[in-house]
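So the sequences go chain by chain: Z and A.
Per this note's numbering, the first sequence starts with residue 19, numbered consecutively.
Per this note's numbering, the second sequence starts with residue -14, numbered consecutively.
Down below is the structure, laid out as structure tokens.
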Amino acid sequence: MTIVMISSMYQSGREELAQALARKTGWPVLSREELVDEARKLGIKIGRLEVAMIKTPGLSEKLVREKELYLAFLTATLCEKARQGNLIYHGRAGHLLLPGVSHRLRVGLTAPRENRIKRTAQALNLTPDKAETYLAQLDEDVGKWIRYIHRVDGRDPNHFDLFFNLENMGLSNAAGILCATAELPDFQATPASLKLLNDLNLSAQAKLRLALDERTLQADLQVHADNGVVTVTYPPNQDQVSQYIPQVLAELPGCREIQCTMAETNILWVQERFEPESGNFGQIIRLAQRWGAAVELMRLIPPGEAPAGVEGLNSESDYSYGRRDCALADDGGVQDDDDPQTATDDGGLGRTEEELVDIGRFGGRHTVCGGYDKILERVQGSGRYTLVVIGDMFMSKGHSARTRQTRELALNIRDRLKAPVITADELKSHFLFGKRQAATLLGYLALSILIYVLVFTNQKPVLDFLGGPFHQNFKVVAAVTVTLFSPLLAYVFGTVSELALKIINVD
Amino acid sequence: MHELFAGNFIDISLASALQVVLLGFIGGILSGFIGSGGAFFMTPGMMNLGVDGVIAVASNITHKFGKALVGSRKHAAAGNVDKKLAAFMLGTALIGVQIAVWINSYFKGGGDSHGVDQGAGANLYISLVFAVILSAVAVSMLRDILKSKGNGEAVAGPSMKIAEYLSRLNLPPVIHFSVADTKVSLWVLMVVGVATGYLAGTIGVGGFIGVPAMIYVFGVPTAVATGTELFLAVFMGGYGALSYAYLGFVDLRLTMLLYLGSLVGIHLGVYGVKVVNEKYIRVVTSLIILLCVFSRVIAIPVYLRQLGYMNMDAGWDVYFNTTSKFFLFASGISGALVILMQVVRAYRQRRQIQKTLLVIRKPGLISTESAKAA
């Protein structure tokens, strides 16, 4: 049993190669176009997704869900067909589908540009110049699509088992080579690859059901399947959805157990602009993984710094922009298949969200314009936060103003949310264990040992100072020294014990 | 018999040092987990090792001062300290402490009850107050838990009936506490503050009274009540440490040994609060309190006999006292063990990152599907 996945750019001959291989092997052929038609029938808005992904740098929450739904549909359909026997699939990035399944043969295909232009001109009835321009734009857009959908470069040779250049090779010969390669033991199904296929199928089927059911479609769910056990994880602020998950997945074929799990806690991360490559992101992810926490993103646009061009947003006196104005940034600039709008900047929310989704730590997202009161309004009813992290804020201000305003914002949020609030700079020193903490631990440990050794090897003079003849003459000195020494030692040794326990994640 | 140094300080052997560290560790776990309760366990524990009562109290207060300072700093960073509320509580509680001292003087006992052998009248009076008040606190907590169980609530919240009733009375002037986000009439505040101070001065366990009072009477969130109480303890502990050190009663070696155990234990206790559910915390707290109460109640016949209200052989005193001590230590040790067990279990669960809340099984399906796939 082998799955042959042929990928190429438009008019590179992938359909012809697939058909030639099918003639040699008698295996069924499935194309991306067929899958897209089926997906549209199911209500997945592929057109809107394509336009939005190509035109905007980030994705709205709605579009991320649409993308997940699309991928789940592709995976589920391919798995279903592949479980019935051999299969030939051709599309833009088929080689990136069914990741990890070892009995798929990932085939890349390229053809001379002149041939592609000629075929495009014939297919679309265009002049060669227009066909060339069209093809260049299409290649660029498809490249972007693959990067957004699969998060890798579609042309990266590491993702292929075999790559054909049709400049000097005919399609029939290429199909012959493919046929022989597909027969190799390396590309035959094994119990492990079949198990993975089943798991991928089950997970995708579960995602589809959850995404299409109105009771669960709005929830930020992570789905994972392993050997018939489907695990669905939801953020703490959406715990009401847990009751519906078993109902939605009740009749899911192949599922022998459903586990609804909740991320243990929530971290709220407030920032003006998000960048997954930043140090803040890495630190918060480390913390979330240590605590089993979901990370809720909140983009806060300070008063007077709202995006230009949106009516009402630049007025300092009017902070009540409401959901609609700020939601523009969340929609990725596209409302539906027929009416794509110009994209607006989402402040990196989409990319950060995708990274969090990938590692199963996404806990929701918001965009608010205004002061801390807007944050409180938005998170009302979200439940408890273990930590609120105030990231880089007030970026247009000078250093002093930025520091002061960030501190004021942190204090206001802390007072109202009753949750620990910390700035990104403090995060590392407070909650994570790095070189600085290791140095502090060693320093304070040495100091603690020194104090204990000094006191316990000189007990007589110490007791004389505390209650003996010396004390009789210098009562005030003794009292003040004891009163100062006690908290000092508590601080030094308390830091040692705190850091030592932090090493084993007890914090 | 221990050799006594200057100021009646004992000679500390390695074995007794380790026992003090262990006392500190257990006390630390208890105070980290239930917000108070270290003193009731550590002071008599040290006295059992031959430490003079006053020195045990003084060393423990000095230890508590440093611990409270570090702990309240952490709580303050987490936004759990309402300094305005603490200031009002401190002012009124001091009046209450003074009243307690006068009443105790009337019974010819003095103000501290950490097991220090005082007059039978004072002991009886202190034991009765201890038993009545702490029983009320424990029973109230257990009733809340049972009620919420009956209503099918997932997490039991403290009853707000008293706080709501008092807020409806609206006795001016009403003071707003921004961190605790609650409004309390100055009169209610004074009554509670004085009562808390009085009870702290009488039975020596301020936290057992102050924290529930803030939660149930003022309607303060649990975390803020604990943080504010700890902040209060800094001032009370500081004053106590300064006074006792001036009198030459602080054995700094005992304080240091207590720190070795308690500063590790307190982190484990605080970690337990984060990972163990609130209902469990309150069940453990109320059971520990009830065991302490039981320990005190067992000692009451001895005081009644000493005062001539009960006809009992004096030889029985030792049995009552031993049983009383047994229950005191049993409450501390078993409480700490239960907490530690929960902490380890939660830690292991947490290592698995996520907590399974709901599992639905459909036996037999997987084998069918696997067969099809193959």
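Think of the CB as a built atom: it goes at the ideal place given N, C-alpha and C, for glycine as much as any other residue.
Query                                                                                                                                        : Result
Cutoff 9 angstroms: V196 (chain A) Cβ touching any chain Z Cβ                                                                                : no
G349 (chain A) to C273 (chain Z) span [Cα, whole Å]                                                                                          : Here G349 (chain A) scores only 41 on pLDDT, less than 50, and its place in the model should not be relied on; the value that follows carries that caveat. Cα to Cα, G349 (chain A) sits roughly 9 angstroms from C273 (chain Z).
CA-to-CA distance, R304 (chain Z) to I263 (chain Z), given in whole angstroms                                                                : 29 angstroms
Cβ shell of Y28 (chain Z) (< 6 angstroms), same chain only, five flanking positions each side left out                                       : L156
Counterpart residues of H161 (chain A) in DSSP-defined beta bridges                                                                          : A:K168
Within 8 angstroms of chain Z by C-beta, residues of the segment 234 to 246 of chain A in sequence order                                     : F234, V235, D236, L237, R238, T240, M241, Y244, L245
Cα-Cα separation between L109 (chain A) and I285 (chain A), rounded to whole angstroms                                                       : 6 angstroms
Endpoints, beta strand (DSSP E) assigned at Y252 (chain Z)                                                                                   : 247 to 252
Where V249 (chain A) meets chain Z, residues with beta-carbon distance less than 7 angstroms                                                 : S515
Entirely enclosed alpha helix (DSSP H) segments - the segment 419 to 506 of chain Z, minimum 4 residues                                      : 442 to 449, 453 to 475, 477 to 485, 487 to 491
As assigned by DSSP and simplified to three states, the class of Q289 (chain Z)                                                              : strand
Nonlocal neighbours in the same chain, by C-beta distance under 7 angstroms from T240 (chain A), ignoring five residues either side          : S44, T47, H48
Chain A contact residues for K493 (chain Z), given Cβ-Cβ distances below 9 angstroms                                                         : A230, Y231, L232, G233
contact_flag[the segment 42 to 51 of chain Z, the segment 139 to 146 of chain Z] where n(CB pairs < 8 angstroms) is 3 or more                : no
Assigned exposure category for G17 (chain A) - 16 Cβ within 10 Å defines buried                                                              : buried
In chain order, each alpha helix (DSSP H) run of at least 4 residues that lies wholly inside the segment 145 to 181 of chain Z               : 146 to 168
Whole-angstrom distance between V287 (chain A) and A299 (chain A), CA atom to CA atom                                                        : 8 angstroms
Pair within 9 angstroms by beta-carbon distance, K99 (chain Z) and I167 (chain Z)                                                            : no
Reference D179 (chain Z), options Z:A496, Z:K136, Z:G112, closest by Cα                                                                      : Z:G112
Contact list for G51 (chain A) against chain Z, beta-carbon separation under 7 angstroms                                                     : S504, P505, L507, A508
For A243 (chain Z), three-class secondary structure by DSSP                                                                                  : strand
Beta-carbon contacts of A381 (chain Z) that lie in its chain and below 6 angstroms, excluding the five residues immediately before and after : Here the sequence assigns Gly to residue 381 (chain Z), which means Ala is not the residue at that position. Taken in chain order, the residues that qualify are P253, N284, A312, V313, E314.
S26 (chain Z) - containing beta strand (DSSP E), residue span                                                                                : 21 to 26
Span of the alpha helix (DSSP H), counted from its first residue to its last, around S16 (chain A)                                           : -1 to 19
Buried or exposed (CB count within 10 angstroms, at least 16 for buried), W309 (chain Z)                                                     : buried
Contacts of Y470 (chain Z) in chain A (Cβ-Cβ under 7 angstroms)                                                                              : M241
Within-9 angstroms CB hit, T47 (chain A) to chain Z                                                                                          : yes
Those residues which DSSP pairs with T128 (chain Z) across a bridge                                                                          : Z:N183
V329 (chain A) versus L519 (chain Z): straight-line alpha-carbon distance, rounded                                                           : 13 angstroms
Neighbour list for V500 (chain Z) in chain A, Cβ cutoff strictly below 7 angstroms                                                           : T47, A226, A230, V235, L237
Cβ contact check for the segment 22 to 40 of chain A and the segment 487 to 496 of chain Z: 3 or more pairs under 8 angstroms                : no
Range covered by the alpha helix (DSSP H) that runs through A311 (chain Z)                                                                   : Per DSSP, A311 (chain Z) belongs to no alpha helix (DSSP H); it is in the beta strand (DSSP E), 311 to 319.
Buried or exposed by the 16-neighbour rule on C-beta atoms within 10 Å, applied to Q206 (chain Z)                                            : exposed
Collapsed DSSP secondary structure at F91 (chain Z) in the structure displayed                                                               : helix
Status (buried if at least 16 other CB within 10 Å, exposed otherwise) for S247 (chain A)                                                    : buried
Within-9 angstroms CB hit, H489 (chain Z) to chain A                                                                                         : yes
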